[in-house]
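Report on the following structure.
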Amino acid sequence: MNLLILSLDHLDVYFRGGKSSDLKHHMDYYDDHLEALKRHFHETTISATPEVKKRIKAILKSLNISKDEWQSDFREKDLTIYQFFLLLARKGYSQADYITDLIDEKTKIHKLTLFLAGGGIFLTFISLLFATSTLHLALEFIRNIFSSISTVPLIGLFYGFGFGIYNFYSIYTNKKMTIANRFRDICFLLLSTSAKITASFALLMAGATMSPIIAGIFVAGSGVDVIKEIYCLLQEYMQYKLSPPLNGNDPLSVHRDHARRVFGYEKRMEAVRINLVSALLIVSIMALWCFFPGGGIAIAIAALSAIGFVYATKHFWLKYNELTLREHLQEQLGYLEGIYSPQTEDSPSKASRIMALEDNEFLQLGKVDSQQEFNNVVSDYVTVTVPTSSSFQPFSFAKNLSFFNSAHERENQPDYAEREYSSPQSLNFSEPLDGANLLTRPE
């Protein structure tokens, strides 16, 4: 149980602004201890012991979740710890989303394993062709297929259909999304996939000859992705705008909640930009393709390869954007922790301030028999790695805005007015805000 308490303390530190790499390093322990992972996260409930319950409430406090919400959504359901984080992810807390990913990846089949298994099957198939002297027949069959002008759009047709089914299954089985969000994403997926399949089928019927109508259908498929991100962006912005006003006297948990809303808004804003750039590139490719209506299979392969490259780049760009913004969020939360925690809230318990233990000390925790022994082991590892005003410059989601504190805080921290703070207000396309209005959300 002490190992579970330590894990919850690491998770609490992460919600307060700890580094993702520190949490991942701690969770690596469970790679070789899957039974402990199952026992700690999938079998232990959030009310199992007073110590577990205390850590869970500390996490809820960090997330600015009210007591009423704790009573209605968490306590009465007697959730396991994994289900607890899953519910937080459904509520839109991206940090909980990352935690459930760390837990899930311990029991998933590794991508390298799948690659090696697929490679083994392929080599076995080639060996059978050699053994039966049918390899030359298979090569001749492949050559005949790819020499046909209709092969390229046919491959695009099967790819669009298969990828659509895969995405549908991924969204439908994603337990971290609410039913409403799953329905939203499935609707947009059906529109986008239908447009791409229709365009591939029309291209097949036209003998791989591009026309403005077919190009328009391809572009419409990409345009659906842009519309989806704009719709999600408006949802994030409305959540931000309808939240209570923020001022410098609010407790730390309120400022954390505000920073998380900024993260969600900017994540969607960047996704809109990425999808818009992707759609414009596809429009350019289609326009060039239309200039070579009789280009044959070479032009078709080049154009579809370019489109595939754009989609692949968009996928990895979105992943990189999310990873970068997540790290920026952790930096901002750590910055707020360093500014507000010593003044406005009780300091975290000694155990919750442990960022990492050396491997030998961490393993030693599994052998202790009492809380006193547990405290003795961790007593020398209580340093908090929290950025300070002298060594840390907070990130900016967009434009940097000066964040003015109350008169009392400015008196105790004379350099605080020079620090930078960002919010979705910086993305307002109206006139620039002056410093006096930065503590109030737009009406």
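Residue numbers (full-length UniProt numbering): 1 to 443. Note that CB positions come from ideal geometry on N, CA and C, so glycine has one too.
Under DSSP, Thr-80 takes part in a beta bridge, and its partners are Thr-45. Under the DSSP assignment, Asn-2 falls in the alpha helix (DSSP H) whose first and last residues are 2-16. Just measuring C-alpha positions, the residue of Phe-316, Leu-116, Ile-299, Arg-326 sitting nearest Lys-267 is Arg-326. Note on Pro-244: under 16 other CB atoms within 10 angstroms of its CB, so exposed under the neighbour-count rule. The distance from the Cβ of Thr-100 to that of Phe-85 is about 5 angstroms, consistent with a contact at the 8 angstroms cut-off. In this structure, the straight-line span from the alpha carbon of Ser-211 to that of Gly-223 is close to 18 angstroms.
Look at Asn-181 here: in three-state DSSP terms it is helix. If you draw a straight line from the Cα of Glu-43 to the Cα of Ile-59, it comes to about 19 angstroms. Taking Ala-117 as the centre and dropping the five residues before and after it, the same chain places no C-beta closer than 7 angstroms to its C-beta.
Around the beta carbon of Ser-72, fewer than 16 other beta carbons sit within 10 angstroms, so the residue counts as exposed.
If you draw a straight line from the Cα of Leu-128 to the Cα of Asn-275, it is about 44 angstroms long. Annotated as proximal: Leu-79 and Ile-46, with beta-carbon spacing under 8 angstroms. With a beta-carbon spacing of about 6 angstroms, Gly-160 and Ser-200 fall inside the 8 angstroms limit used to define contacts. Across the structure, Arg-273 and Ile-217 are spaced so that their CA atoms are roughly 21 angstroms apart. When secondary structure is reduced to three states using DSSP, Thr-209 falls in the coil class, being assigned neither helix nor strand. Put simply, of His-255, Leu-123, Gly-264, Trp-289 the residue whose alpha carbon is nearest the alpha carbon of Ile-339 is His-255. In this structure, Val-262 sits away from Val-219, with a CB-CB distance that is not shorter than 8 angstroms. The alpha-carbon of Gly-156 is positioned some 11 angstroms away from that of Ala-202. Distances from the alpha-carbon of Ser-94 to those of Leu-3, Met-177, Leu-191, Ile-285 put Met-177 closest. One Cα belongs to Leu-4, the other to Asn-167, and the distance between them is close to 35 angstroms. For Thr-173, no alpha helix (DSSP H) segment is defined, and its DSSP state is neither H nor E. Just measuring C-alpha positions, the residue of Ile-227, Glu-322, Glu-236, Tyr-172 sitting nearest Phe-183 is Tyr-172.
Classified as exposed, Phe-125 has fewer than 16 neighbouring CB atoms from the shown chains inside 10 Å of its CB. Your pair Gly-17 and Gly-264 does not check out as a contact, with CB atoms roughly 17 angstroms apart and the cut at 8 angstroms.
The DSSP-derived three-state label of Glu-105 is coil. If you compare the alpha carbons of Asn-249, Asn-181, Ala-195, Tyr-98 with that of Ser-21, the shortest gap goes to Tyr-98. Looking at the backbone, the Cα of Gly-308 and that of Phe-158 are separated by about 14 angstroms.
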